[in-house]
Every structure is written in structure tokens, then in C-alpha cells.
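Residue numbers (this note's numbering): 17 to 124. Every residue, glycine too, gets a C-beta built ideally from N, C-alpha and C. Working notes, structure below.
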Amino acid sequence: MLVVLTMRRAAGRPSEVSTVDGIRILALLPRQWRKDLTQAAGYIAIRIQTDEDVTAAQIRAQVTAILANPELGPWELLSCETLTLGPRDADPPPATEPGRPLQRAEWN
17 MLVVLTMRRA AGRPSEVSTV DGIRILALLP RQWRKDLTQA AGYIAIRIQT DEDVTAAQIR
77 AQVTAILANP ELGPWELLSC ETLTLGPRDA DPPPATEPGR PLQRAEWN
């Protein structure tokens, strides 16, 4: 599953984004999830790729619980959008012959 989470400071708080807060949020997410952090214009966006058995609802619940942590300050989750993996994002299938990887044209 591939999702993009968008977060911002809760209403009534300054909208400046703290790099430290973004890093803290990343650190509190499960280690096995692949994560990428982006910050811009008062928002934090985190792209997460998980195993297939994890649902968007489970990701949303996990992040909501993390954002309730008082050390992070008042952050709110705005969206949890599910994305589809394209051929370039997916892992290539195993080689058909030992020692010979498939060429991109063979697994697209």
C-alpha cells in the first residue's frame, strides 16, 4: 500500500513547520514502513509504502495516535490518500535465470 499523509498545525496555532516535528513523526511511525518526508507552506507530507496487508484505515489510526503525543505539539491529519504503484515504483520480480536480472522491458 502506498499512501500520502498531509498534516498541519492545529487551528489557532502558528503555521510554521518545524523540521524537528516532521522527524519526530517519522521516528514514531513503524520501522518497517518506507517513509519520505516533505515540508512546505505550513504543511508536512509523508509518503509511506507498507506491506499489502496494511490498510489505509490502519495507517490513519496509527498516525492519529502518534499526533496525539504531547511532545509533538498540536498537529492534525488532513488527509490520508491512497496512491497506486506504477511499474517504476514497484519492486522488480525475481530473475528468471540465476545471476541474470530482468530488464525493465521484461517486467513492465
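Closer than 8 Å: Q78 CB and nearest the ligand NAD heavy atom
The ligand content of the structure shown is nil, which means the ligand NAD is not present either.
Do the region 85-92 and the region 63-73 make contact, defined as three or more Cβ pairs closer than 8 Å?
With the cut-off at 8 Å, the region 85-92 and the region 63-73 do not touch.
Residue span of the alpha helix (DSSP H) that contains A61, given as start and end
On the sequence shown, position 45 is the one that residue 61 refers to. Counting along the chain, A61 sits inside no alpha helix (DSSP H); it lies in the beta strand (DSSP E) bounded by residues Y59 to Q65.
Would you give the residue range spanned by the alpha helix (DSSP H) that Q78 belongs to?
Within the sequence shown, numbered from 1, the residue matching residue 78 stands at position 62. Q78 -> alpha helix (DSSP H) spans A72 to L83.
When DSSP labels each residue in this structure, what does L53 get in the three-state scheme?
In the sequence shown, the residue the question calls residue 53 occupies position 37. Residue state, collapsed to three classes: strand.
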